[in-house]
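Undergrad:
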Amino acid sequence: MNIFVLLKQVPDTETKIRLTGDSSGIETSDIKWIVSPYDEFAIEEGLKTKEAQGGTVTVLTAGPDRCVDALRTALAMGADNAMHVKTDGDTLDTFQVGKALAAVLKQNNPDLIFAGKQGIDDDQAAAFGYVAEFLDIPSVSVVIKVEMASDKKSLRAHREVDGGAKHIIESTLPCLVAVNKGINSPRYASLPGIMKAKKKEIKTFTLADLGVAGESARVSESAYAMPPERSAGKKIDGDAATQAKELVRLLREEAKVI
Numbered sequence: 001m002n003i004f005v006l007l008k009q010v011p012d013t014e015t016k017i018r019l020t021g022d023s024s025g026i027e028t029s030d031i032k033w034i035v036s037p038y039d040e041f042a043i044e045e046g047l048k049t050k051e052a053q054g055g056t057v058t059v060l061t062a063g064p065d066r067c068v069d070a071l072r073t074a075l076a077m078g079a080d081n082a083m084h085v086k087t088d089g090d091t092l093d094t095f096q097v098g099k100a101l102a103a104v105l106k107q108n109n110p111d112l113i114f115a116g117k118q119g120i121d122d123d124q125a126a127a128f129g130y131v132a133e134f135l136d137i138p139s140v141s142v143v144i145k146v147e148m149a150s151d152k153k154s155l156r157a158h159r160e161v162d163g164g165a166k167h168i169i170e171s172t173l174p175c176l177v178a179v180n181k182g183i184n185s186p187r188y189a190s191l192p193g194i195m196k197a198k199k200k201e202i203k204t205f206t207l208a209d210l211g212v213a214g215e216s217a218r219v220s221e222s223a224y225a226m227p228p229e230r231s232a233g234k235k236i237d238g239d240a241a242t243q244a245k246e247l248v249r250l251l252r253e254e255a256k257v258i
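Counted the way the numbering used here counts, the sequence shown spans residues 1 to 258.
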């Protein structure tokens, strides 16, 4: 099977985020970058599918030069090939990213595409949907289990949504599957894998190569703002009746939730 995995490089969850002076973005100079955790599940599912069904796994991303590190992480985990759409400093919205990734995929005719259900940086959960739409293939999101048909022409995707409801979706291939946590346990990169990954060639594309350089963004970001600092908590003294009365007053007059 020709398996592709879409991945995104995002700030480490422990990174302290700072805004630029004009609040037009985040300061990136001190950020540690990682593969988005949901995409690690996608990589693992791609590798497991290859081990069960045969074939190759290719990882694909779009972004600046630093995204090569994310691709090499996936190669060290066991991916066979890596492809990079270089954005040369341009900030793309999810529509532009989806169109660029789809342009690469059209050239490679994948049987199955995996992605994480969302990036943990902006939580938009949109790019994979654009990719499927541009390719005119079905997609299934928040998937926690994949069962491949014996003829490798279809699959059953088990998905779990908010509230605990579970669905089973049957789809023909090619198909895009956006996975959720719990679908597997991503493997660690081995030392030999890390050494091999450093030597592997990464195929690169520009937006011009793909014919999407002139594509305009559908979403613009006017400014960024940090969330307000949390106020200090309040301790209510007195007996139980006094505490209950004061709590009700605070909920009504200050929190305004009752």
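Note that the Cβ used here is the ideal one computed from N, Cα and C, for glycine as well.
Under 8 angstroms between the Cβ atoms of alanine 178 and serine 141?
TA: Here the question's residue 178 lines up with position 178 in the sequence shown. Here the question's residue 141 lines up with position 141 in the sequence shown. Going by C-beta atoms, alanine 178 is nearer than 8 angstroms to serine 141.
Undergrad: Note down, in chain order, each residue of its chain lying with its Cβ closer than 7 angstroms to the Cβ of phenylalanine 41, except the 5 sequence neighbours on either side.
TA: The count along the sequence shown starts at 1 and reaches residue 41 at position 41. For phenylalanine 41, where only same-chain residues beyond five positions count, the Cβ hits under 7 angstroms are Gly116, Val179, Lys181, Ile183, Asn184, Pro186.
Undergrad: Can you tell me where the beta strand (DSSP E) with methionine 83 in it begins and where it stops?
TA: Numbered from its first residue, the sequence shown carries residue 83 at position 83. Segment 81–86, the beta strand (DSSP E) holding methionine 83.
Undergrad: Would lysine 106 and leucine 135 be called neighbours here (beta carbons separated by less than 8 angstroms)?
TA: Here residue 106 corresponds to residue number 106 of the sequence shown, with the count starting at 1. Here residue 135 corresponds to residue number 135 of the sequence shown, with the count starting at 1. Against a cut-off of 8 angstroms, the Cβ pair of leucine 135 and lysine 106 comes out as a contact.
Undergrad: Around the C-beta of valine 248, are 16 or more other C-beta atoms found within 10 angstroms, so that it is buried, or is it exposed?
TA: Here residue 248 is taken as the residue at index 248 of the sequence shown, counted from 1. The residue is exposed, with fewer than 16 neighbouring Cβ atoms inside 10 Å.
Undergrad: Suppose the cutoff is 8 angstroms on Cβ atoms and the five residues either side in sequence are ignored; what does the same chain contact list for methionine 195 look like?
TA: On the sequence shown, residue 195 is found 195 positions in, with the first residue counted as 1. There are no such residues.
Undergrad: Based on the DSSP secondary-structure assignment, which residues constitute the bridge partners of phenylalanine 205?
TA: Within the sequence shown, numbered from 1, the residue matching residue 205 stands at position 205. Partner(s): Val85.
Undergrad: Residues in its own chain within less than 6 angstroms of isoleucine 43 by CB, not counting five upstream and five downstream?
TA: Translated into positions along the sequence shown, residue 43 becomes position 43. Here the set comprises Val5, Ala74, Met77.
Undergrad: If you draw a straight line from the C-alpha of glycine 232 to the C-alpha of alanine 126, how long is it?
TA: As a position in the sequence shown, residue 232 is number 232, starting the count at 1. As a position in the sequence shown, residue 126 is number 126, starting the count at 1. The amino acid occupying residue 232 in the given sequence is alanine; glycine does not appear at that position. The alpha-carbon separation between alanine 232 and alanine 126 amounts to approximately 36 angstroms.
Undergrad: Tell me which residues share the same chain as valine 97 and place their Cβ nearer than 7 angstroms to its Cβ, disregarding the 5 neighbours each side in the sequence.
TA: In the sequence shown, the residue the question calls residue 97 occupies position 97. These residues qualify, in order along the chain: Ala62, Ala127.
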